[in-house]
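Just below is one structure, and these are the notes that go with it.
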Amino acid sequence: MEEVMRTSLGPTWNDSFTQFDRIPFAAASIGQVHSAMLSASASPTGKEEKVAVKIQFPSIVNSIESDLGYVKMLLTAGRLLPKGLFLDRTVMKAELADECDYNREASFLRRFGDSSHLGEDSRFKVPWVWEGSTDRILVMEHVDGVSVGGSVIDELSQQDKNDIAGRIIELCLKELFSFRIMQTDPNWTNFLWNGETRQVALVDFGASREYSKSFMDNWLRLLEAAASDDHAACIEWSLKVGYLTGEENQAMLDAHAESMMLLATPFKAHTSQPVRFGLGSQWADTTAQIRARIPVMLQNRLSPPPRETYSLNRKLSGAFLLAARLDAQVDCRRLWEDVLKSYRFEDDS
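Counting from 1, one number per residue, gives the positions in the sequence shown under the UniProt record's numbering.
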C-alpha cells in the first residue's frame, strides 16, 4: 500500500489526508479500498471529507495477459469449454485492462455524476472524484449504504423492493439508449441502498464502456423486434448487430430469435404489468425457457458475438436477476415506452 501511494502521489502523499486507515475495508481481484479523511486544503468542498481510497495491487497489469493465457490453455486442453462457447482472450484482456485504469474509471464517474446524466436525479448518488487521483489510486467521496442484494432485503418493504428494482432497470435502459455509456458489472455490491436518503449509490465504474450510436440504433431495433415477437425482424437485426453471420442452420436461428423474444418479455404489450420477478413468477418461467435454448446455441453458433454484446447482455440480464433477488414487481412496459418515445435514430429526419 505504502509503495503504491508513494510512487503514485509522491513521498508527501500523507499531507493530503488528516486520517488514513491502513487496514482496507474492502478488497477485490485487482486492488483494495481504504477509508480516509481528505484534508480541507485538498478537498473539493473546502472542508474535511470522508473518502474511499482505491489502491491497485503492484504489477497487477503485467500479470493479466499471462494469467488469461494460462486459464485459456487449461480450459482448452481439458476440453472444459463447450463447443460454441468462445473464450475471447482479447476481449477479456481489454476489459480487465480497462478496470485497471483508474483514470478511465474516474472519467466515467464524472460523466455519470454530471447534470446531463445522474447529477440531478435525486434517486441516485454518484460520488465525486478527487482531482489528485491517478491511474493506480482512485480517491472518491465515501457513500453510506448497504448492498441492495444483501441481507438488507429482509428489512425492506415490498414498495422499497419494487422502487429499487425499478430504478436499476430504468437506469440500465437509460445507460443504453440515452447516455450510451454503461457500468456493465451487475454485481449487487456495486449498488448501495441508503434508507435515510432513499438513494441508490453507484460505487464502481471500472467496468464502464461506451457504445457507438450506430450500434445502439441496431440493438434497439433488435430489442423492438423481440418485444413485438417478430421472428424475421429478430434475425434481420441480429445479422446487422453481428450476433449471426447468415450461415447458421435453422435450429440456431430459431433458438437465437426465441431467446431474444423471451428476454424482451417484460417489455411486451401483452405482458401483464407490473412484471413479477422472483421464485414462482412469470419471469422465473421465462428464464427457464431461455436456459433450455442455450445448449442448441452452444452447439450451433458459428462465431463469437460482437464485443459490445458481452457486457450489454451481462448488465441487462443482471438487472432482471436483481429484480428477481428482490422479489420485486416492476412496470417494465412503461419504462420501455419511455425509451421508445425519447429515442432518436440516426436516420430519423
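Built from N, CA and C at the ideal position, the CB exists for glycine as well. Since the structure is predicted, the reported quantities are computational estimates derived from the model, not experimental observations.
Length of the line joining the Cα atoms of residue i and residue j
| i | j | result |
| --- | --- | --- |
| Leu-80 | Arg-334 | Its pLDDT being 43, under 50, Leu-80 is placed unreliably in this model, and the coordinates cannot settle the point. |
| Leu-118 | Val-143 | 16 Å |
| Val-71 | Val-241 | Residue placement at Val-71 is poorly supported in this model, since its pLDDT is 48, which falls under 50; the coordinates are not used for a value here. |
| Glu-196 | Leu-9 | 35 Å |
| Ser-157 | Ala-36 | 33 Å |
| Pro-24 | Met-5 | 14 Å |
| Leu-202 | Ala-264 | 25 Å |
| Trp-193 | Val-146 | 5 Å |
| Pro-304 | Val-296 | 15 Å |
| Val-200 | Gly-246 | 42 Å |
| Asp-121 | Gln-159 | 19 Å |
| Asp-21 | Gly-31 | 15 Å |
| Pro-274 | Ile-169 | 13 Å |
| Ala-234 | Ile-181 | Per the sequence shown, residue 234 should be read as Cys rather than Ala. Cα to Cα, Cys-234 sits roughly 24 Å from Ile-181. |
| Cys-332 | Gln-282 | 13 Å |
| Gly-113 | Ser-259 | 35 Å |
| Phe-86 | Thr-287 | Any reading at Phe-86 must be qualified, since the residue scores a pLDDT of 46, below 50, and its modelled position is unreliable; no value is offered. |
| Leu-223 | Phe-320 | 15 Å |
Where the alpha helix (DSSP H) containing residue i begins and where it ends
| i | result |
| --- | --- |
| Trp-237 | 231-241 |
| Glu-224 | 213-227 |
| Ser-311 | 307-325 |
| Val-203 | Segment: none, Val-203 is in no alpha helix (DSSP H) and carries neither H nor E. |
| Ala-28 | It is not in any alpha helix (DSSP H) - Ala-28 carries neither H nor E in the DSSP assignment. |
| Leu-173 | 158-174 |
| Glu-108 | The amino acid at residue 108 is misidentified as Glu; the sequence shows Phe. Phe-108 -> alpha helix (DSSP H) spans 102-113. |
| Met-261 | 250-263 |
Contact belief for residue i with residue j at Cβ below 8 Å, rounded distance in angstroms
| i | j | result |
| --- | --- | --- |
| Ala-225 | Trp-237 | 6 Å |
| Gly-206 | Glu-99 | 4 Å |
| Glu-346 | Lys-213 | 6 Å |
| Met-1 | Ile-55 | 6 Å |
| Val-129 | Arg-104 | 12 Å between Cβ atoms; not a contact. |
Test item: CB-CB of residue i and residue j under 8 Å
| i | j | result |
| --- | --- | --- |
| Ser-16 | Ala-52 | no |
| Thr-184 | Arg-209 | yes |
| Trp-336 | Phe-267 | yes |
| Pro-44 | Glu-3 | no |
| Arg-325 | Gly-166 | no |
| Tyr-310 | Leu-220 | no |
| Asn-162 | Ala-328 | yes |
| Ser-39 | Thr-18 | yes |
| Pro-186 | Leu-322 | yes |
| Met-261 | Asp-229 | yes |
| Ala-106 | Ser-133 | yes |
| Ala-257 | His-231 | yes |
Unbroken beta strand (DSSP E) run spanning residue i, endpoints
| i | result |
| --- | --- |
| Val-51 | 49-56 |
| residue 365 | As displayed, the chain neither begins before 1 nor continues past 349, which places residue 365 out of reach and without an answer. |
| Ile-181 | 181-183 |
Inset, instruction - May I ask you to verify whether the segment 309-316 touches the segment 171-184, counting CB pairs closer than 8 Å and requiring at least 3? - result: Touching, yes, given that three or more Cβ pairs across the two stretches are closer than 8 Å.
Inset, instruction - Specify whether the segment 132-140 and the segment 246-262 touch according to this definition: at least 3 beta carbon pairs, one from each stretch, less than 8 Å apart. - result: Fewer than three pairs of CB atoms, one per stretch, sit closer than 8 Å, so the segment 132-140 makes no contact with the segment 246-262.
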